[in-house]
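In the working numbering, the protein residues as written are 1 to 396. Where is the CB? At the ideal position from N, CA and C, for every residue including glycine. Report on the structure given below.
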Amino acid sequence: MKATLLALSLAAAAGAALPCAAAKEDLLRERIPGVFARAEAQASHLIDAMAGDTKRLPRSWTRGKLFCEDPTGWTTGFFPGTLWFLHAYTGKPEWKAAAEEWTVRLDSARHYTKNHDMGFMFFCSYGNGIKYGGHGDDYKAVIFDAAAALATRWNEKLQLIRSWDWPPFMQFPVIIDSMMNLEMLEWVSKNGGDKNYDRISRLHADKLDRTQFRPDDSVYHVTDWNPRTGKIWARYAWQGACVNGAWARGQAWSVYGFTMMFRETGEKRYLERAKKSADWILCAPNLPDDKIPYWDYYAHDIPAAPRDASAAAIMASALLELSGYVDEPAASRYRERAVDMLLALSSDAYLAADGECGGFLLKHSVGNYPEDTEIDASINYADYYFLEALLRFLGK
Ligand code: GLY
Numbered sequence: 001m002k003a004t005l006l007a008l009s010l011a012a013a014a015g016a017a018l019p020c021a022a023a024k025e026d027l028l029r030e031r032i033p034g035v036f037a038r039a040e041a042q043a044s045h046l047i048d049a050m051a052g053d054t055k056r057l058p059r060s061w062t063r064g065k066l067f068c069e070d071p072t073g074w075t076t077g078f079f080p081g082t083l084w085f086l087h088a089y090t091g092k093p094e095w096k097a098a099a100e101e102w103t104v105r106l107d108s109a110r111h112y113t114k115n116h117d118m119g120f121m122f123f124c125s126y127g128n129g130i131k132y133g134g135h136g137d138d139y140k141a142v143i144f145d146a147a148a149a150l151a152t153r154w155n156e157k158l159q160l161i162r163s164w165d166w167p168p169f170m171q172f173p174v175i176i177d178s179m180m181n182l183e184m185l186e187w188v189s190k191n192g193g194d195k196n197y198d199r200i201s202r203l204h205a206d207k208l209d210r211t212q213f214r215p216d217d218s219v220y221h222v223t224d225w226n227p228r229t230g231k232i233w234a235r236y237a238w239q240g241a242c243v244n245g246a247w248a249r250g251q252a253w254s255v256y257g258f259t260m261m262f263r264e265t266g267e268k269r270y271l272e273r274a275k276k277s278a279d280w281i282l283c284a285p286n287l288p289d290d291k292i293p294y295w296d297y298y299a300h301d302i303p304a305a306p307r308d309a310s311a312a313a314i315m316a317s318a319l320l321e322l323s324g325y326v327d328e329p330a331a332s333r334y335r336e337r338a339v340d341m342l343l344a345l346s347s348d349a350y351l352a353a354d355g356e357c358g359g360f361l362l363k364h365s366v367g368n369y370p371e372d373t374e375i376d377a378s379i380n381y382a383d384y385y386f387l388e389a390l391l392r393f394l395g396k
């Protein structure tokens, strides 16, 4: 941080053109109509590419190939959510019709209990249909079922929601991404559903706040718990580089998840954790000039390591929200970093050209580097959080 400030002062003293925060915001505002026009074109290409497939949903474009998921896949909510964002921005009825058509593809998964991703899946799709599409009880009933399915994974002794079922390799794994599924539980609790969901969301978030972080405030991806002893059994880097590395998307899920929990509960401890995660990211090691992180901040082959545009998109969306909850100077720092990332993502370096990347919007994301899947790929959640961030920037 000190080095960055020094570099900025030196550049300013040398007369280098450093766009001020307001000028950067103006530039981003000018670019947004073009980005949404591109997003509309790309979504149309993707829908055309999936003609004849009435069941699955698009997930990524990897090494020139389209990958799709069945409705129980964890990323299935993002493409319907992207379509809801297109409707929210353009107001066009055809995007509402498309969003509805792709949202209801998830219906058959509404009782799925074999993973914890129901919040990602159902709140990004049906949730946005309520927020932007005027839907009510029809979509609410599906979200209530999805929340009930997620709640079956609660363990009262551990006070945690189990993320994955991978016995015997892991006993009771909990991942930082799990914070993202709590928004749906909070919403159901506030909208006539089971009040216990608010209790378990808070307890889950509290336990992660206490146990998922390193002393420097970076976050582990996976903590595996022993349900018999109630103690931590193991830590795993999993999608990160090494157990003491810092997986870029994990850091982003943390800022987003704890910011959201502060919004939903008003509890200052969640705001404090969100700020710590955000501050870690703002001063993170090995951050390239355009502020789009490598897939892990400690990837072994930096600067050749692939970037993760999805992590940047999630962080940008989260930092824009967080900037509204904190005092100066943190508010301006968070907002400016979000704008910097959105400017990079909306440039030709990251934005797919018309018809490129199989109809996805952003290039250069990483799904799972250690498993060698979706490396330097276009992935649906990068597009989703990028458009969400732009809507947040516009106050929509
Ligand atoms: N939730 C899994 C991931 O972020 O890749």
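Option in the options with minimal Cα separation from residue i
| i | options | result |
| --- | --- | --- |
| I232 | M184, Q159, G266 | Q159 |
| G240 | K114, S108, P306, A352 | P306 |
| W102 | S163, S201, R235, C124 | C124 |
| D165 | F85, L150, K157 | L150 |
| A41 | L361, A389, G395, F386 | L361 |
| P303 | G73, P215, P285, L27 | P285 |
| W187 | F213, F122, L27, T152 | F122 |
| N368 | E30, A299, N196 | A299 |
| A330 | W238, H364, I281, G133 | I281 |
| M315 | L203, D138, A338, W238 | A338 |
| G91 | D53, S277, G134, V255 | G134 |
| A21 | Y350, E374, R333, A352 | R333 |
| T113 | P370, K276, T72, P288 | T72 |
| W238 | E183, T265, T373, P288 | T373 |
| P80 | V243, G230, A98, R63 | A98 |
| K276 | R214, D53, Q171, D70 | R214 |
| N155 | Y197, A352, D383 | Y197 |
| G266 | C68, R202, P93 | R202 |
| N191 | R235, G136, F169 | G136 |
| S346 | T229, Q212, A382 | A382 |
| P168 | N226, E336, G64, R335 | N226 |
| A380 | C68, F78, G34, S189 | The sequence given here places Asn at residue 380; Ala does not occur at that position. For N380, the nearest C-alpha among the options comes from F78. |
| T229 | D327, R210, F172, A311 | F172 |
| M170 | E328, E100, Y236, E25 | Y236 |
| K96 | Y132, D26, K24, S189 | Y132 |
Whether residue i touches residue j by CB criterion (8 Å)
| i | j | result |
| --- | --- | --- |
| K291 | D348 | no |
| V142 | D107 | yes |
| S60 | S378 | yes |
| L66 | A88 | no |
| G245 | D296 | yes |
| Q251 | V222 | no |
| W398 | G119 | Only positions 1 to 396 of the chain appear in the structure, and residue 398 is not among them; the question remains open. |
| Y385 | A278 | no |
| A248 | T259 | no |
| L28 | L342 | yes |
| D145 | H111 | yes |
| L185 | A147 | yes |
| L319 | V243 | no |
| D301 | R38 | no |
| L391 | T82 | no |
| W253 | I200 | no |
| L271 | Y325 | yes |
| E69 | T76 | yes |
| K140 | R105 | no |
Own chain residues within Cβ distance below 8 Å of residue i, not counting five before or after
| i | result |
| --- | --- |
| L10 | Because the pLDDT of L10 is 44, which lies under 50, any placement of that residue in the model is unreliable, and the question is left without a value. |
| D206 | Q159, R269 |
| Y350 | I292, A309, A344, L362, K363, H364 |
| W74 | N115, D117, F120, M121 |
| C357 | Q42, W61, K363, S378 |
| K396 | A88, Y89 |
| A352 | R38, Q42, F360, L361, L362, K363, S378 |
| T211 | T223, I232 |
| F262 | K268, Y270, L271, A274, Y325 |
Residue i beta carbon near the ligand ADP (any heavy atom closer than 7 Å)
| i | result |
| --- | --- |
| G367 | For the ligand ADP, the structure offers nothing, since it holds only the ligand GLY. |
Close-in-space but distant-in-sequence residues of the same chain around residue i (CB under 6 Å, 5 per side omitted)
| i | result |
| --- | --- |
| V174 | L160, S163, T223 |
| L394 | none |
| L46 | P58, G359 |
| D217 | K276, W280 |
| H204 | L160, I161 |
| I32 | L390 |
7 Å Cβ shell around residue i - same chain, five flanking residues per side excluded
| i | result |
| --- | --- |
| H116 | L150, R153, I161, R162, S163, S178, N181 |
| I375 | P306, V366, Y369 |
CB-CB length for residue i against residue j, believed under 8 Å
| i | j | result |
| --- | --- | --- |
| E264 | E321 | Actually they do not touch by this definition, with Cβ atoms about 12 Å apart. |
| R335 | S317 | R335 to S317, Cβ: 12 Å. No contact. |
Handout entry: Start-end ranges of the beta strand (DSSP E) lying completely within the segment 259-316, minimum 3 residues
Key = Here no run is fully enclosed.
Problem - Whole beta strand (DSSP E) elements within the segment 18-88, 3-residue minimum - result: The qualifying runs are 57-62, 65-69.
Exercise for the section: Please list the segments of the alpha helix (DSSP H) lying wholly inside the segment 128-171, counting only runs of 4 or more residues, in order along the chain. Expected result: List check, alpha helix (DSSP H) in window: 128-133, 137-151.
Handout entry: Ranges of the beta strand (DSSP E) found wholly within the segment 314-376, counting only runs of at least 3
Key = Runs found: none.
Practice task
Starting from the N-terminal side, write out each stretch of the alpha helix (DSSP H) that is 4 residues or longer and does not extend beyond the segment 198-267.
Solution key: Runs found: 248-265.
Exercise for the section: Go through the segment 87-122 residue by residue and report every complete run of the alpha helix (DSSP H) that reaches 4 residues or more, in order. Expected result: Considered as a whole, the segment 87-122 harbours 93-103, 118-122 as its complete alpha helix (DSSP H) runs of no fewer than 4 residues, in chain order.
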